[in-house]
Amino acid sequence: MNHNFEIGDKVSVLDDAIDGVVTKVNATEITVITNDDFVMQFKPDELVKINKESLKGLFSSKSVSQVLSEKKEPQKRSFVKEKKSRKEDFVLEVDLHIEKLVPSTKGLSNYEILNIQMDTAKGQLDFAIRNRMQKLVFIHGVGEGVLKSELEFMLNRYEQVSFQEASFQKYGFGATEVYIKQNVR
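Quick look at the structure:
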């Protein structure tokens with residue numbers, strides 16, 4: 001592949017989301033200052049030149065500046081508000097980390113710790129069912145997965161309950177979201 005990089009060329013890294021400007025050209029290495037002001041070196045075959053003429057064909061008849069201006073226009077927000085009851089908004093979050101449940105774990109065996117966590121989970125689930133809550137989240141952490149598997153075993157014994165991994169964005173990997181199907185009276 002023919003690489004004719006010159007100082008000042010705008011370039012993009014092929015296998016990474018890095019763009020920048022060439023600051024130094026060598027036979028085996030191209031120095032680039034990235035858009036984030038980092039100085040990095042790349043092999044010529046890791047880079048591709050970016051020029052406005054090469055991008056034009058990608059956007060049909062629109063110029064690059066037209067496409068960029070459309071991207072910058074803010075999206076209009078919709079102000080239609082759905083009415084929800086406060087009950088639907090409320091999610092009971094139960095943190096089952098042992099340090100949140102007891103003042104000290106001194107002298108407790110792993111078996112005793114697991115029993116405390118499971119008793120808490122069962123009590124909170126029963127509370128949610130009694131109070132007709134629709135959803136709760138058990139925060140169990142990642143660990144070795146013992147608490148999570150015990151929790152799933154317990155939840156499978158309830159007919160009116162379904163569960164899944166909770167939102168990764170909100171809780172990370174260590175949480176289970178429980179949905180309670182309430183009988184309509």
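Numbering of the sequence shown is given in full-length UniProt numbering, commencing with residue 1 and proceeding in unit increments. Idealized CB from N, CA, C, for every residue including glycine.
Straight-line Cα distance separating residue j from residue i
i: Leu55; j: Glu165; result: Any reading at Leu55 must be qualified, since the residue scores a pLDDT of 48, below 50, and its modelled position is unreliable; no value is offered.
i: Val25; j: Lys43; result: 10 Å
i: Leu151; j: Ser104; result: 23 Å
i: Phe59; j: Gly174; result: Residue confidence for Phe59 is low, a pLDDT of 47 falling below 50, so the modelled location carries little weight; the figure read from the coordinates is stated next. Cα to Cα, the separation comes out at about 43 Å.
i: Asn35; j: Ile50; result: 13 Å
i: Met154; j: Lys122; result: 8 Å
i: Phe38; j: Val13; result: 13 Å
i: Ser167; j: Met40; result: 36 Å
i: Val11; j: Gly172; result: 36 Å
i: Lys181; j: Phe163; result: 11 Å
i: Glu46; j: Gly20; result: 13 Å
i: Glu99; j: Asn156; result: 26 Å
i: Leu114; j: Val161; result: 22 Å
i: Glu112; j: Gln124; result: 18 Å
First through last residue of the beta strand (DSSP E) which encompasses residue i
i: Lys24; result: Asp19 to Val25
i: Lys10; result: Lys10 to Val13
i: Ile7; result: It is not in any beta strand (DSSP E) - Ile7 carries neither H nor E in the DSSP assignment.
i: Phe90; result: Premise fails: Phe90 is in no beta strand (DSSP E) and is neither H nor E.
i: Thr31; result: Ile30 to Thr34
i: Phe42; result: Val39 to Phe42
i: Lys49; result: Leu47 to Lys49
Among the options, nearest to residue i - alpha-carbon criterion
i: Ser142; options: Leu136, Thr176 and Ile129; result: The sequence given here places Val at residue 142; Ser does not occur at that position. Closest option to Val142, Cα to Cα, is Thr176.
i: Val18; options: Val32, Arg157 and Tyr111; result: Checking the sequence, you will find Ile at residue 18 rather than Val. Among Val32, Arg157 and Tyr111, the Cα nearest to that of Ile18 is on Val32.
i: Val91; options: Gln117, Lys106, Ile129 and Ile116; result: Ile129
i: Asp95; options: Ser109, Asn110 and Asp119; result: Asp119
i: Lys170; options: Gly20, Asp126, Glu93 and Val13; result: Glu93
i: Asp9; options: Gln160, Val48 and Thr28; result: Val48
i: His97; options: Val178, Val146, Arg132 and Gln160; result: Val146
i: Tyr158; options: Asp126, Ile113 and Asn4; result: Asp126
i: Met133; options: Glu144, Glu99, Tyr111 and Asn183; result: Asn183
i: residue 214; options: Glu144, Gln160 and Asn4; result: Past the boundaries of the shown model lies residue 214; the chain is included only from 1 to 185, so the question cannot be answered.
Host alpha helix (DSSP H) of residue i (start-end)
i: Glu99; result: Ile98 to Leu101
Residue i beta carbon near the ligand SAM (any heavy atom closer than 7 Å)
i: Asp36; result: As for the ligand SAM, it is missing from this structure, which has no ligand bound.
Chain-order list of residues whose beta-carbon lies under 8 Å from that of residue i (same chain, five-residue window excluded)
i: Lys7; result: The question names Lys, yet the displayed sequence has Ile at residue 7. Within the same chain, Ile7 has close Cβ partners Val22, Thr23, Lys24 and Val25.
i: Val137; result: Val91, Leu92, Glu93, Val94, Ala166, Tyr171, Ala175, Thr176, Glu177 and Val178
i: Val102; result: Leu108 and Ile116
Sequence-distant residues of its chain with Cβ nearer than 6 Å to residue i (five each side left out)
i: Asp15; result: none
i: Lys148; result: His140
i: Glu29; result: Gln41
Proximal residues to residue i (C-beta, below 7 Å), its chain only, five neighbours per side dropped
i: Asn4; result: none
Practice problem: Return the chain-ordered ranges of every alpha helix (DSSP H) run that is complete within the stretch 103–175 and spans a minimum of 4 residues. | Solution: 110–130, 146–156 and 168–171
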